[in-house]
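For what it's worth, this note's numbering labels the leading residue of the sequence shown as 333, then goes sequentially.
Beta carbons: idealized from backbone N, C-alpha and C, even for Gly.
All values derive from a computational prediction rather than experimental measurement.
Read through the structure below, which is laid out as structure tokens, and then see the notes.
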Amino acid sequence: MKIQLTIATICMLAVVAFAAQRADFSGGWQLNPEKSKNIGMMARMQMTQSIEQSDTTLDITTRVNYEGRDDDSKTHFDLTGKPVTNESPMGGPSENISKWDGAKLITTWTSQSAVAGAPKVVRTETRSLSPDGKTMTIESVRGPNTVVMVFDRK
């Protein structure tokens with residue numbers, strides 16, 4: 333009986349430790365262009381993200397203001413590893429698959445190329461929080477190109 337209780341306790345502690353490693357991205361975020369890298373013309377836009385997160389989903393509402401024009405978009409992530417289809421910034425469908433790597437959320441995006449007959453476009457996005465939870469970093473890699481977007485908690 334003691335062995336069963338010990339095993340059950342160890343399993344419960346492992347589950348709690350695993351769950352504690354996952355970051356909570358919930359809340360409001362403001363793009364910080366000065367801390368970001370390789371963001372090109374995005375440095376001139378104002379971008380905020382409002383994030384709602386549960387154990388199984390992450391939903392982001394992004395608001396962009398660029399040269400006086402406002403644009404809102406919504407993106408859904410399934411945190412259990414199931415594929416989800418969202419609209420890509422270029423207007424076509426894009427499939428994402430997300431998985432946890434410790435406290436980091438790794439998402440692989442696959443979409444059709446804007447060039448007819450070209451291979452699909454694949455990029456990997458790594459979303460993480462600073463230890464104090466005040467900074468969210470999104471590193472997006474597509475081939476040899478890496479874009480790093482840094483957001484400050486609002």
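Asked, Found
"Roughly how many angstroms separate the alpha carbons of R401 and A375, rounded to a whole number?", "15 Å"
"Start and end of the beta strand (DSSP E) containing Q395?", "The residue asked about is misnamed: residue 395 is Arg in this sequence, not Gln. Where R395 is concerned, the enclosing beta strand (DSSP E) stretches over T389 to Y398."
"Might you give, ordered along the chain, the residues of its own chain that have their beta carbon closer than 6 Å to the beta carbon of V416, omitting 5 neighbours on each side?", "H408, D410 and N428"
"So, for Q381: in the same chain, excluding its five sequence neighbours on each side, which residues have a beta-carbon less than 6 Å away from its beta-carbon?", "W361, I392 and T394"
"So the candidates are N418, V479 and W441; which of them puts its Cα closest to the Cα of I371?", "V479"
"Sort L461, M468 and V454 by Cα distance to P365 and report the nearest one.", "M468"
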